[in-house]
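The numbering of the sequence shown is our numbering, which starts it at 9 and goes up by one.
Heads up, the thing below is written out as structure tokens.
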Amino acid sequence: MLTLIAQPDHDFRLGDFLTSEFNNSKWTEFQAAIAFAKKSGTQYIKPGLEKFAKNATVRISVGIDHGGTSREAVLDLLEAIQPNGEMWVYKNAANTFHPKVYLFRNDAEAVVVVGSGNLTKGGLYENSEVCVQIHLNFGNAEDCRFFDSIQEILNKWSQHTPHICLLLDEQLINRLGESGELPTEAEASSAIGQSKKSLSSGKDSNKSPFKSLAVPAAPTPSNGALKNGAPASPTKSSKSLPGQVPTPVVVNANVNGTPSVTFAMTLQTTDVGVGQTTKGAQQRSPEVFIPLRALDLKPSFWGWQSPFIPDPAKYKVDAQWRAKPKNAAWIKSESAKANRVARPLEKLDWQNVRIRLAGHAGDLQATLWFNPQKKDIRIRESTIRASGNVDDIFLLRSAPAGSLHTYELEIIKKGTPQYAQILPKLTVRISNSKKRIGYL
Numbered sequence: 009m010l011t012l013i014a015q016p017d018h019d020f021r022l023g024d025f026l027t028s029e030f031n032n033s034k035w036t037e038f039q040a041a042i043a044f045a046k047k048s049g050t051q052y053i054k055p056g057l058e059k060f061a062k063n064a065t066v067r068i069s070v071g072i073d074h075g076g077t078s079r080e081a082v083l084d085l086l087e088a089i090q091p092n093g094e095m096w097v098y099k100n101a102a103n104t105f106h107p108k109v110y111l112f113r114n115d116a117e118a119v120v121v122v123g124s125g126n127l128t129k130g131g132l133y134e135n136s137e138v139c140v141q142i143h144l145n146f147g148n149a150e151d152c153r154f155f156d157s158i159q160e161i162l163n164k165w166s167q168h169t170p171h172i173c174l175l176l177d178e179q180l181i182n183r184l185g186e187s188g189e190l191p192t193e194a195e196a197s198s199a200i201g202q203s204k205k206s207l208s209s210g211k212d213s214n215k216s217p218f219k220s221l222a223v224p225a226a227p228t229p230s231n232g233a234l235k236n237g238a239p240a241s242p243t244k245s246s247k248s249l250p251g252q253v254p255t256p257v258v259v260n261a262n263v264n265g266t267p268s269v270t271f272a273m274t275l276q277t278t279d280v281g282v283g284q285t286t287k288g289a290q291q292r293s294p295e296v297f298i299p300l301r302a303l304d305l306k307p308s309f310w311g312w313q314s315p316f317i318p319d320p321a322k323y324k325v326d327a328q329w330r331a332k333p334k335n336a337a338w339i340k341s342e343s344a345k346a347n348r349v350a351r352p353l354e355k356l357d358w359q360n361v362r363i364r365l366a367g368h369a370g371d372l373q374a375t376l377w378f379n380p381q382k383k384d385i386r387i388r389e390s391t392i393r394a395s396g397n398v399d400d401i402f403l404l405r406s407a408p409a410g411s412l413h414t415y416e417l418e419i420i421k422k423g424t425p426q427y428a429q430i431l432p433k434l435t436v437r438i439s440n441s442k443k444r445i446g447y448l
């Protein structure tokens, strides 16, 4: 069933739709993708969203192009969806993130609004806007196909894509504020805000975590559409930016865009069990150790380095630190090593990495971290560490396109037929270790 929402003249406007559905207890999930959000809009929906999020799943994707989203609005939304909701920021400097999609669903039905209204006071109530409200019944095959197409695009905009789509937290909010891409409402309406908007357009991106990814070009206009018969200028998006590959229509959920890639490794004592249990001794951290050789062989599989964020509390890499003889000697030694990817001097963390473990219900939230003075990347998650035994094979795959998780993990037990098939393919040996690794 289709319903037109026209404002400001109709009695039932976009803001009325959202506040009504947030109070409808039949829904179990809310997804949205919005170009712009302001405090003027979020103040209307925050109370209902906060109540809704206590018993339902929430994922919101918001754009930050052209200074259209404020810090206050983002904080409103992030606070309302705690503790289990997710908020994502989508930005591609090669184009503008401009959708307005709002979806409520349960196991039997869904309702979606697609139109022109942003999360602003004007977009919700006062602007001249038009939206279409669509009710979908999952007992109808055509409705199911339409729902799948909507959810596919919403999932694309709420899954980690290096430098394009990032999970929002306080640290990222601060970073975007420093880069000028997430101004306060006062800044956005002042001369300071105007200068910061130029940063969000890509004129100065040194502090920005986002980059350009070329998009499919618009078709060339017909001769009749050309002004004064002059040839059309090539569009900005018709060419790849330096060092970039044109993006496909669908962005894969996995970190390297190749769903067939699988990393495999034999587990050793440092990777399994609960660790030290001697009375009075410190228990070993729940981590699995991935040799840095694996990173050197295929850095893209690990998303290197885009999702990793420096941890200044661990190492403060400043002039004073570099000047210490021990550190200076270490830096010189590391710089001389060949056949390896660039490794920063800071400790790096990639948090909230979704990993789907075979035989385990639900996704696990892991942390991947890199210490420049260690010989590995470590995956910290207690269930993962407790799942294997020494010499079992740790099989980590990139998740398929459209997935909400980043990796899929399977522990291949020693002595099984699958183990016998995979083990000979692990041809890379790790020095001073019994570990064997390989990419399948």
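Each residue gets a CB set at the ideal place from its N, CA and C atoms; glycine is no exception.
For GLN51, the closest of LYS34, ALA81, SER395 by C-alpha to C-alpha distance is ALA81.
Residue environment for GLY147: exposed (fewer than 16 other C-beta atoms within 10 angstroms of its C-beta). By the C-beta density criterion, VAL120 is buried, having at least 16 other C-beta atoms within 10 angstroms. Here SER406 carries a strand assignment [DSSP, helix/strand/coil]. Classified as buried, ALA101 has 16 or more neighbouring CB atoms from the shown chains inside 10 Å of its CB. Between PHE316 and ASP384, the C-beta spacing is not below 8 Å.
For GLN141, no alpha helix (DSSP H) run applies; the uninterrupted beta strand (DSSP E) run containing it begins and ends at 137-145, by DSSP. Taking each of LYS355, LEU57, ARG444 in turn and checking the Cα distance to ASN32, the smallest one comes out for LEU57. Within the model, the alpha-carbon separation for PRO107 versus LYS355 is close to 36 Å. For GLY123, the enclosing beta strand (DSSP E) covers residues 117-123. Under the three-state reduction of DSSP output, ILE401 falls in the strand class. Distance from the CA atom of ASN182 to the CA atom of SER78, rounded to whole angstroms, is 12 Å. Below 8 Å, enough C-beta pairs join the stretch 374-389 and the stretch 298-316 to call them touching: three or more.
For TRP35, the three-state secondary structure derived from DSSP is coil. Note that the C-beta distance between ALA272 and ILE401 is below 8 Å.
Below 8 Å, too few C-beta pairs join the stretch 298-307 and the stretch 159-175 to call them touching: fewer than three. Contact between THR11 and GLN141 holds: their C-beta atoms lie close to 4 Å from each other, under 8 Å. If you ignore the 5 residues before and after LEU303, its C-beta comes within less than 7 Å of the C-beta of TRP310, TRP312, VAL349, ILE385, all in its own chain and listed in chain order. Taking a 10 Å sphere around the C-beta of GLN39, we find 16 or more other C-beta atoms and assign the residue as buried. Beta-bridge partners assigned by DSSP to ARG444: ARG437. In the three-state scheme derived from DSSP, where H, G and I count as helix and E and B as strand, GLN426 is classed as helix. For ILE53, same chain residues with a beta-carbon under 6 Å away, outside a window of 5 residues either side, are LEU26 in chain order. With contacts defined by Cβ atoms closer than 8 Å, ASP279 and ARG405 do not form a contacting pair. Between the alpha carbons of PRO170 and VAL66 lies a distance of about 22 Å. Nearest to THR414 by C-alpha distance, out of VAL361, VAL109, LYS421, ALA64, is VAL361. Taken atom to atom, the span from the alpha-carbon of LYS34 to that of GLY446 is near 48 Å. Contact annotation, THR128 with LYS46: C-beta distance approximately 4 Å; criterion of less than 8 Å satisfied. Spanning the alpha carbons of ILE419 and SER187 requires a straight line of approximately 42 Å. The C-alpha of ALA374 lies about 13 Å from the C-alpha of SER293. In this structure, the alpha-carbon of GLN179 lies about 45 Å from that of THR424. Classified as exposed, GLU150 has fewer than 16 neighbouring CB atoms from the shown chains inside 10 Å of its CB. Less than 8 Å separates the beta-carbon of MET95 from that of LEU176. ASN163: member of the alpha helix (DSSP H) spanning 149-164, first to last residue. Around the beta carbon of GLU195, a 10 Å sphere encloses 16 or more other beta carbons of the protein chains shown; the residue is thus reported as buried.
In this structure, VAL109 lies near ALA41, with their beta-carbon atoms less than 8 Å apart.
A Cβ-Cβ distance of about 28 Å is found for the pair ILE13 and CYS173, leaving them out of contact under the 8 Å criterion.
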